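A.B. asks: Take a look at the following structure, please.
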Amino acid sequence: MTIAKYMPDDLDRRIIGHLRADGRASLAKLADALGVARGTVQSRLDRLMETGTLLGFTVRVRDDYDAHSVHAVMMIEVSGKSTTHVIRKLRGFPEMQALHTTNGNWDLVANIRAASLSDFDRVLREVRMVDGVSNSETSLLLSSV
């Protein structure tokens, strides 16, 4: 299997999302959370490592693992004292490449990578539905210069 031809599917993305939230999760814990067999999780993790999608168990995903993905920056305003809750929820989104606290008008800045525009649209809706997210502004990243 070559890196260029491998496209992570929904289960792969869910595994990555769980590992982002808990990089030390056991195979049994991941299998239980995902509703699949332990062997399925093991084979998926093996494939994610072999293809270079997962670079390590701090769960760092190569920037170019999917060259055709949609990449964006989202500024997020959090209401009240719910920042910790919002961060915890957002870190569980497999499309979240990085999440940063910041100052100024926005409380958080998220780097988002989605497989397609429809997936990106879904992520935007899901982020906006997180309790504590009061406002957001998103910019698609078109090209690197």
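Sequential numbering of the sequence shown, starting at 1, is according to the UniProt record's numbering. Every residue gets a Cβ at the ideal spot worked out from N, C-alpha and C, and that includes glycine. Please read all numbers here as calculations on a predicted model, not as lab measurements.
(1) Is the beta carbon of V73 closer than 8 Å to that of L124?
(2) Near N135, what residues of its chain come up, given a Cβ to Cβ distance below 7 Å and the 5 sequence neighbours on each side ignored?
(3) Does the Cβ of R14 have 16 or more other Cβ atoms within 10 Å, making it buried, or fewer, making it exposed?
(4) Check whether the segment 109-125 and the segment 85-101 touch, using three or more Cβ-Cβ pairs below 8 Å as the test.
(5) According to the Cβ coordinates, are F93 and G17 closer than 8 Å?
(6) Considering just the uninterrupted stretch of the beta strand (DSSP E) at R113, what are its terminal residues?
(7) I need the straight-line Cα distance from V59 to M75, nearest angstrom please.
(8) Quick check on this structure: which residue in D22, V145, K81 and N105 has the alpha carbon closest to the alpha carbon of D131?
(9) Would DSSP call E126 helix, strand or coil?
(10) Tell whether a beta-carbon distance below 8 Å holds between A25 and L19.
(11) L54 to D10, Cα distance in whole Å?
C.D. replies: So, from the data block:
(1) no
(2) E77
(3) buried
(4) yes
(5) yes
(6) L108 to A114
(7) Note that V59 has pLDDT 45, beneath the 50 cutoff, so the model's placement of it is unreliable and the number below is only indicative. Each residue's alpha carbon lies about 23 Å from the other.
(8) K81
(9) helix
(10) yes
(11) 15 Å
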